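Just below is one structure, and these are the notes that go with it.
Protein chains: 2
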Amino acid sequence: MPARSFKSAPHPLDPLTVDEVQAASHILQSHLRCADNGIKFKVIDLAEPPKALTLQYLYHNGSAPNRKARVYYHLKGSQTLLIAIINLNTSEVEKKYDAPASQGPVDWDEFELVNKACNEHPDVKAEIAKLKLPPNARVLNDPWAFGTDDANERRRLFQCYMYIALSEDGEANHYSLPIPLAPIFDAHTLELVELQKLPMGTDNEIDEETQPWDPVKPVEYSAGILGEDSFRKDLKPLQVIQPQGPSFKTFGRRVEWQKWSFTVGWTLREGPVLHDVLYDGRPLFYRVSMSEMTVPYGDPRTPYHRKQAFDLGDSGFGLTSNSLSLGCDCLGHIAYFNGVRVTGDGKPMVMPNVVCMHEIDDGIGWKHTNFRNQKSSVVRNRQLVIQCTATVANYEYILAFVLDQAANIHIEVRATGIVSTMPIRQGLQVPWGTVVAPGVLAVNHQHIFCARIDPILDGDSKNTIAYDECHPVVDEPDLDPYGCAFRVNTTPIETPGGYELDITKNRTFKIINEARINTVSGQPHGYKLHPVPSQMLMMGPKTFNFRRGIFTSKAIWVTKYNDDELWASGEFTNQSREDTGLALWANRNENVKNEDVVLWHSFGVTHITRPEDFPVMPIEKFVMSLKPANFFEENPSNDVPRSDQNLNKSTLHTAETHCHRPRGTEDTPKI
Amino acid sequence: MPARSFKSAPHPLDPLTVDEVQAASHILQSHLRCADNGIKFKVIDLAEPPKALTLQYLYHNGSAPNRKARVYYHLKGSQTLLIAIINLNTSEVEKKYDAPASQGPVDWDEFELVNKACNEHPDVKAEIAKLKLPPNARVLNDPWAFGTDDANERRRLFQCYMYIALSEDGEANHYSLPIPLAPIFDAHTLELVELQKLPMGTDNEIDEETQPWDPVKPVEYSAGILGEDSFRKDLKPLQVIQPQGPSFKTFGRRVEWQKWSFTVGWTLREGPVLHDVLYDGRPLFYRVSMSEMTVPYGDPRTPYHRKQAFDLGDSGFGLTSNSLSLGCDCLGHIAYFNGVRVTGDGKPMVMPNVVCMHEIDDGIGWKHTNFRNQKSSVVRNRQLVIQCTATVANYEYILAFVLDQAANIHIEVRATGIVSTMPIRQGLQVPWGTVVAPGVLAVNHQHIFCARIDPILDGDSKNTIAYDECHPVVDEPDLDPYGCAFRVNTTPIETPGGYELDITKNRTFKIINEARINTVSGQPHGYKLHPVPSQMLMMGPKTFNFRRGIFTSKAIWVTKYNDDELWASGEFTNQSREDTGLALWANRNENVKNEDVVLWHSFGVTHITRPEDFPVMPIEKFVMSLKPANFFEENPSNDVPRSDQNLNKSTLHTAETHCHRPRGTEDTPKI
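Those protein sequence lines, which keep their order, are chains Y and L. Using the working numbering, the letters of the first sequence map in sequence onto residues 786 to 1456. Using the working numbering, the letters of the second sequence map in sequence onto residues 786 to 1456.
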């Protein structure tokens, strides 16, 4: 068995470094013989090497694949989206093509330009004047990627939803005072396309003349505005102390922790990605990622029907990731990883600390007590969390990959932030959402995520996706006289496509390696998926909502592996008209049984908004898991040291336990 | 508003004290004029006062209801189960009746007697001799409650599944070496009823003559047997430090934490129970409990068809609770609560530390970053965990009630321990389970739990259970030209019964108080259920499995409140033939809309066993939640102090981050 050859070099799936982004930018500029300002750069990210070459390199002593960059850009003055693949080893532009019918993702430069164009446009200002806002009002706008409602639209459009803030505080709620204006701008020309107004009543009707703003108090979350006195006083500090440091080791982006090893990848589009994941030296997954997420809103009134963000394809969980710092998102001992993006003029810009990694204690991992003698073994459930926070305008997604000592891998999403708000006439209600504050409507919506799992169980590229179902034995009285028996039926998936969960049958999808049989159970080595059962997209097959992202229509997708097929709805989702991802890949007539296969899981939530979600929403948490099934010959966490008070140093609560509270000191119940 | 009057006295729903158990025992003994050893006590637990009286006392200045005890007992020499309700205030036996057709739950005394009878019976010993066990073999047996297969059976039966252990170690795996004997004993007479043998092949066939044991190595979890060298070495300690102590206060069994207040009840049957739960002084729930749990096994071979434990009704999560100690089940600052049980001869026995309570940090509670200036507010998700571990012979259930600062309450179950094992001929497989070690079959089974939620939203006993569904708008092109709209339809439940989840419609059950309307949203105050979507019982309506616990057939149950209707399958489940709980209560023809109503949620798992579940199974975790929906006018955790490094004291990982591991020091991948 050859030793892995990347040890003293970057892993081939490491994200691009600052120098590599700089080099890609230079190579393209010199190739195009462009003046310094001739190219408008949008994205430079790693173009991942072919899987076959990478596996040859990692496991079979092949040579290191070339490092390559994928660049999205425009030539200044042109609206055509251009793509280049740059070979950083040969300094050559290896591939160059245009995508004139597609829109690239949003970049910060254009976001700022549209924002400014809207705020400064005289027509917009004239409308705002009619609102007769108080003198301290700051007018804000959030340019939104323009959801598709016209197959022929080719302009690059943003709809600017507008709000006011009445405080100069840096955390004044930007979404508590929506105003009924939503101008549309062309991001290439920065021209006002339409000064759209918003309905504030039950139907599409808008005020002929913009009416003066109906004053209302914003709902704030800023500690500065709320003031010290508004906070609960009885929360005592809780600290995580790791006196011997963390249990992980990092070697560049390579991490080793509790028999796991993996590379912390990162892209502007996806945020953190796990590559080349091994447990106890056994390869499990070539790549684990959040592939896409879309948010369609359920309000049919113009222009709300257009609200459908693809927050990975349109914006990017990497590009919108927060720079984290100690004490914010994690307790204990924290490692951070940086990202890099390119500026519009081709310079690399470090995005510091966009991924954090730390250990947590998740309670009991396993326990057994011998009831005959009360002797007990407890293993705690130590986990490693690799996490980012993406702030996509109003909303936050906290994406985490969580590994544990029982060889499980969990993908956890926490949805938080501020719900998207629209103005509503005070006292009214509409069927499309909930009034979460006076004058503020939070429209009901869905969030549908799609995780992508690229397995290489035991290092083999030939895997099978199968599902087990549990069926009762029926009408076999000789076999089952009391009717208690049930069987597990296994169905291997042979063709690509979308598949449904079926909880009534305990349908369980799993990845198996048919070539490796567990010596104890006689079953093939496998990993099973614990899904997040979710309502799928409600919008029908004719809608743009559906056609732009068919991953939203089924919980499970199976495709044959091809390089570059990473993103569920295709490469370019912004103003897309048709899905160019799973819609094509899951529709190919090819065998996927015992092949290089990819498993996709779509899940999410239908969010019926509540006042409790405002001003900032308490997390909704979704966790999907991949767990070994016949992959190991015993509990893989049987070797974890037992829980021990000498190390845990828990403390005992004794005060007050045996007295009663003196009369009259408890709050009177409010009924 | 009168102040709550229990402040300087026990809460009426506090569990019985040692003195009260003693008093109940004395009162019954003197009432029956029994000699000291004339009564065989099984259970003494609180007989809860009527809800109406309790609410009068708590909220309307009524007088304290009398303290009462429920006693299960036998007169020595009689097989008839007797029940007495003892009034501890008047020292009277208030009610006394028999239940000759029912079996009471298992008690430790009889468990030990049956265990001993089996181990010492000459016929059993003669069979064991035929196994020709090695001289160091210890023979063990686990008397199992006898699942029903005969409607006419009236004896109190135990089936003793037998195992051997080859080590004297106190934690030698008692379930790794099953032997093919399962004698049936009568617990009243201690007579051997049948020396049943176990099939080791694919059908019911058993060896005519018990064959010599086929030696095999046990799979161990004992640290003593495994030895120091077998443990992973790189797990560093992680400690939770609370330098200012915990955020909770306890007053006897009354707890106050982060606006919550509640009483930690406890029963032998249910383990911990939350009573009289308020948030910010507003009543939410009168009682929150795990009501029942059943485990039917899917193997039709005799006698496995009988394996169906009701681990609350037959044994009791309280009776089987572990006595906890610092450093085992929790980190940080821990409060413990005791339980009390009665011995067979009527003496109270303290069960120390059967419930633990502590705070945990569950990561981010909410977060928002103003992307314009990067200013960020993070609130951590501090939770309060009230937890017990029930060891029901081989298996462990960790039941926790988890409260958080966003006014959510979660009921979490972790299933762990050792799967129930049966012998199988080495090299064989059967369709009913997985071979988890040589000669060891772990039969596939279901665990179906039923949680019981008794709401009093805002202190009103008149609540309604309703469900929301999300339905797309279809064929209304004028209203919804782009097909994106969906509506939320609400259906109040008017009649008791069982109801199904429907994820395809996002069907969401909620408790609402129709009399209280949220001033912001215009919707009734409510709490919604986030269920655990699960396969329901596979065994059909004619089976004993089904008929003994119909809660297993639907995810949601709604009943009208009646005192003493606490246990989903009825009061006596041991060898029960018919469900006397929800089967009756959910079948009454009565209104439940805007009434005193109870919500029940059935959930669980179909466990297809894996070698990874042996010797001790890594936890499977199930979490159901109750979350406010239009109960508050904004995020109830908006007032939680923001996350702050000055208090969190996280530390930074810097070592190695920017170097690569030296060549040759990484493990060679195993492929």
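We treat Cβ as the ideally placed atom computed from N, Cα and C, and that holds for glycine. Please read all numbers here as calculations on a predicted model, not as lab measurements.
Beta-carbon proximity list for residue i, same chain, < 6 Å, skipping 5 on both sides
i          : result
L/Val-1187 : Gln-1168, Val-1170, His-1195, Glu-1197
L/Lys-1092 : Gly-932, Tyr-1082
Y/Ala-1192 : Tyr-1064, Pro-1413, Pro-1421
Y/Met-1078 : Asp-1096, Leu-1097, Phe-1234
L/Ser-793  : Note that L/Ser-793 scores 47 on pLDDT, short of 50, meaning its location in the model is unreliable and no value can be drawn from it.
Y/Glu-1363 : Arg-1332
Y/Val-1215 : Thr-987
Y/Thr-1450 : Its pLDDT being 44, under 50, Y/Thr-1450 is placed unreliably by the model, and the measurement read from it follows with that caveat. Nothing listed; no residue qualifies.
Y/Val-1457 : Since the displayed chain Y opens at 786 and closes at 1456, residue 1457 of chain Y lies outside it and no answer follows.
L/Leu-1461 : This structure leaves residue 1461 of chain L out entirely; chain L is present only between 786 and 1456.
Chain A contact residues for residue i, given Cβ-Cβ distances below 8 Å
i          : result
Y/Phe-1329 : Annotation note: the requested chain A is absent from the structure, which comprises protein chains Y and L.
Nearest candidate by alpha-carbon position, reference residue i, set the options
i          : options                                        : result
L/Asn-1423 : Y/Leu-838, Y/Arg-923, Y/Val-1004, Y/Leu-1437   : Y/Val-1004
L/Asp-908  : L/Leu-962, L/Phe-970, L/Gln-1214, L/Gln-864    : L/Phe-970
Y/Pro-1421 : Y/Trp-998, Y/Ala-902, Y/Asp-1065, Y/Asn-926    : Y/Asp-1065
L/Thr-1048 : L/Leu-1059, L/Trp-1042, L/Arg-1054             : L/Leu-1059
Y/Lys-915  : Y/Pro-1240, Y/Tyr-882, Y/Leu-977, Y/Lys-982    : Y/Lys-982
L/Asn-904  : L/Leu-975, L/Leu-951, L/Glu-953                : L/Leu-975
L/Asn-874  : L/Ala-808, L/Ser-1306, L/Gly-1009, L/Pro-1326  : L/Ala-808
Y/Arg-941  : Y/Pro-1022, Y/Thr-1249, Y/Phe-896              : Y/Phe-896
L/Thr-1174 : Y/Ala-1175, Y/Val-1163, Y/Leu-966              : Y/Val-1163
Y/Asn-1138 : Y/Lys-1132, Y/Asn-1166, Y/Leu-1104             : Y/Leu-1104
Y/Val-1073 : Y/Leu-867, Y/Ile-868, Y/Ile-1238, Y/Leu-1322   : Y/Ile-1238
L/Tyr-1252 : L/Pro-1208, L/Trp-1342, L/Met-1207, L/Ile-1302 : L/Trp-1342
L/Lys-825  : L/Tyr-842, L/Ala-837, L/Ala-972, L/Pro-968     : L/Ala-972
L/Glu-994  : L/Pro-984, L/Val-1001, L/Lys-1002              : L/Pro-984
Y/Tyr-777  : Y/Ile-1335, Y/Asp-927, Y/Lys-1434, Y/Ala-911   : Past the edges of chain Y, shown from 786 to 1456, lies residue 777 of chain Y, and the structure says nothing about it.
Y/Met-1323 : L/Val-803, L/Trp-1051, L/Phe-1271              : L/Phe-1271
Y/Val-828  : Y/Ala-837, Y/Trp-893, Y/Trp-1370, Y/Tyr-960    : Y/Trp-893
Y/Asn-1359 : Y/Pro-1085, Y/His-1118, Y/Gly-1101, Y/Leu-840  : Y/Gly-1101
Y/Gly-1056 : Y/Ile-1183, Y/Lys-1034, Y/Gly-1131             : Y/Ile-1183
Own chain, CB closer than 8 Å to residue i, minus 5 neighbours either side, in chain order
i          : result
L/Gly-823  : Gln-814, Leu-817, Leu-860, Lys-861
L/Arg-1470 : Outside the displayed span of chain L (786 to 1456) sits residue 1470 of chain L, for which this structure offers no information.
Y/Thr-1439 : none
Contact set for residue i: own chain, Cβ-Cβ below 7 Å, skip 5 residues either direction
i          : result
L/His-1230 : Val-1080, Pro-1081, Tyr-1082, Gly-1083, His-1392
Y/Met-1136 : Ser-1106, Ser-1108, Asn-1123, Gly-1124, Val-1125, Arg-1126
L/Val-1220 : Ile-1209, Gln-1214, Leu-1226
L/Asn-1291 : Glu-1254, Cys-1255
Test item: CB-CB of residue i and residue j under 8 Å
i          : j          : result
Y/Asn-958  : Y/Pro-1400 : yes
Y/Pro-850  : Y/Pro-800  : no
L/Gly-1307 : L/Ile-1296 : no
Y/Phe-1336 : Y/Leu-1286 : no
According to a CB-to-CB cut-off of less than 8 Å, which residues of the region 1223 to 1235 of chain Y neighbour chain L? Legend: CB atoms of the region 1223 to 1235 of chain Y lying less than 8 Å from CB atoms of chain L belong to residues Pro-1223, Asn-1229.
Along the region 1299 to 1328 of chain L, where does the CB come closer than 8 Å to a CB of chain Y? Name the residues. Taking 8 Å as the Cβ-Cβ cut-off against chain Y, the residues of the region 1299 to 1328 of chain L that qualify are Asn-1303, Val-1305, Ser-1306, Gly-1307, Gln-1308, Pro-1318, Ser-1319, Gln-1320, Met-1321, Met-1323, Met-1324, Gly-1325, Lys-1327, Thr-1328.
At 3 residues or longer, and completely inside the region 800 to 880 of chain L: list those beta strand (DSSP E) runs for me, N to C. Fully contained in the region 800 to 880 of chain L are the following beta strand (DSSP E) runs of length 3 or more, in chain order: 824 to 831, 853 to 860, 867 to 872.
Residues within the region 1398 to 1427 of chain Y neighbouring chain L, beta-carbon criterion of under 8 Å: Going along the region 1398 to 1427 of chain Y in chain order, one finds Asp-1398, Phe-1399, Pro-1400, Val-1401, Met-1402, Pro-1403, Ile-1404, Lys-1412, Pro-1413, Ala-1414, Asn-1415, Phe-1416, Phe-1417, Glu-1418, Glu-1419, Asn-1420, Pro-1421, Ser-1422, Asn-1423, Asp-1424, Val-1425, Pro-1426, Arg-1427 with a Cβ nearer than 8 Å to chain L.
When Cβ atoms are compared, which residues of the region 1161 to 1191 of chain Y fall closer than 9 Å to chain L? Correct list: Ser-1161, Ser-1162, Val-1163, Val-1164, Arg-1165, Asn-1166, Arg-1167, Val-1170, Gln-1172, Thr-1174, Thr-1176, Val-1177, Ala-1178, Asn-1179, Tyr-1180, Glu-1181, Ile-1183, Ala-1185, Asp-1189, Gln-1190, Ala-1191.
Against chain Y, which members of the region 1004 to 1025 of chain L pass a CB distance test of less than 9 Å? So the list reads Val-1004, Glu-1005, Tyr-1006, Ser-1007, Ala-1008, Leu-1011, Ser-1015, Phe-1016, Arg-1017, Lys-1018, Asp-1019, Leu-1020, Lys-1021, Pro-1022, Leu-1023, Gln-1024, Val-1025, given in the order they occur along the chain.
Using a beta-carbon distance cut-off of less than 9 Å, what residues from the region 1040 to 1070 of chain L approach chain Y? Residues passing the 9 Å Cβ filter: Glu-1041, Trp-1042, Gln-1043, Lys-1044, Ser-1046, Leu-1063, Asp-1065, Gly-1066, Arg-1067, Pro-1068.
Any residues in the region 1144 to 1155 of chain L with a beta carbon nearer than 8 Å to a beta carbon of chain Y? Which ones, in chain order? Taking 8 Å as the Cβ-Cβ cut-off against chain Y, the residues of the region 1144 to 1155 of chain L that qualify are Glu-1144, Ile-1145, Asp-1146, Gly-1148, Ile-1149, Gly-1150, Trp-1151, Lys-1152, His-1153, Thr-1154, Asn-1155.
Could I get the ranges of all uninterrupted beta strand (DSSP E) runs contained in the region 1236 to 1318 of chain L, with 3 residues as the minimum, in chain order? For the region 1236 to 1318 of chain L, the continuous beta strand (DSSP E) assignments of 3+ residues that do not extend past its boundaries occur at 1249 to 1257, 1271 to 1277, 1282 to 1284, 1293 to 1302, 1309 to 1315, in sequence order.
Name, going along the chain, the residues of the region 1111 to 1136 of chain L whose beta-carbon falls closer than 8 Å to a beta-carbon of chain Y. Residues passing the 8 Å Cβ filter: Leu-1111, Gly-1112, Cys-1113, Asp-1114, Cys-1115, Leu-1116, Gly-1117, His-1118, Ile-1119, Ala-1120, Tyr-1121.
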